[in-house]
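Below is one structure, written out as structure tokens, with a few remarks after it.
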Amino acid sequence: MPVLPTRRIAIFALHFVLIYSALILSWPLLRPVYRPLYCTFGNLVFQGGRASTTFREREGDEELDIALRLEKRGSGVWAEMETNSRLIGYLPTVSLIAFVLATPIPWKRRRKALLQGLLLVSLFVALRMAIPLWRDFSRPDALQVYHPGPPGRWFLGILERAFLNAPASWFVVPIFVWVAVAFRRADWEIVEE
């Protein structure tokens with residue numbers, strides 16, 4: 050007897066909620082592992098060049114747990130800022146993981162989707178990390194390295210509002226990534242039945 054589509058959806062939703070909840074609730078345990086990975090990733094991507102940024106863990110503050118040192122190389126000019134590794138990186142990552150693991154597809158496809166999805170979500174996290182850096186390195190002050198002009202500043206403002214300030218961007222973008230990596234055309238034909 051075939052499983053009804055509504056029952057499949059309900060089972061998927063239940064699995065998603067259980068996996069997502071477990072990953073969210075495990076943040077205090079995973080934080081000591083995730084934060085160094087976040088800093089290493091940030092340092093690999095954003096160190097070097099005229100606009101260099103160093104990521105390091107901050108102690109004592111649960112929210113702003115990463116300190117960044119922005120440096121205009123060769124000038125001695127630098128600035129510091131803080132960020133939240135949980136909001137910028139962990140939440141999009143665990144959203145994707147929960148979606149993929151809850152998806153009722155064969156495990157071999159889930160593994161492939163998870164690897165592809167993690168790569169794409171890492172690019173999204175890198176974009177989320179880069180936006181405030183581009184903004185700060187584009188301000189007309191001593192730290193300025195980039196000169197985007199009015200259209201560039203306007204576009205940067207849109208990126209900031211869409212991917213950083215929008216409350217659910219850390220959840221919505223992983224949904225698009227999940228759909229792109231987990232489903233095939235044949236899966237959509239099954240849904241239409």
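The C-terminal residue of the sequence shown carries number 242 in the numbering used here, and the numbering is unbroken.
Where is the CB? At the ideal position from N, CA and C, for every residue including glycine.
Subject >> Top-ranked residue by Cα proximity to residue 181, from 123, 130, 108, 81 >> reply: 130
Item to check | Between the CA atoms of residue 145 and residue 224 - distance to the nearest angstrom | outcome: 7 Å
message = For the beta strand (DSSP E) containing residue 129, name the first residue and the last one.
response = 126-132
- In three-state terms, what does DSSP make of residue 142? helix
Could you check which residue in 236, 74, 226, 83 has the C-alpha nearest to that of residue 168? 226
Does DSSP put residue 232 in a helix, a strand or coil? coil
**Request:** Determine, using beta-carbon pairs with one atom in the stretch 87-103 and one in the stretch 181-197, whether at least three such pairs fall under 8 Å.
**Result:** yes
- Which residues in the same chain as residue 165 place their Cβ atom closer than 7 Å to its Cβ, once the five residues preceding and following it in sequence are excluded? 230
- Report back the beta-carbon spacing between residue 260 and residue 197 to the nearest angstrom; my notes put them in contact at under 8 Å. Because the chain spans 50 through 242 in this model, residue 260 falls outside it and cannot be assessed.
Open item on the list: At the level of alpha carbons, what is the spacing between residue 147 and residue 228?
Closed with: 13 Å
Original post:
Among 74, 90, 124, which has the Cα closest to the Cα of residue 179?
Top reply: 90
- Would residue 74 be called buried (16 or more neighbouring beta carbons within 10 Å of its own) or exposed? exposed
*Would you check if the distance between the CB atom of residue 177 and the CB atom of residue 137 is smaller than 8 Å?*
yes
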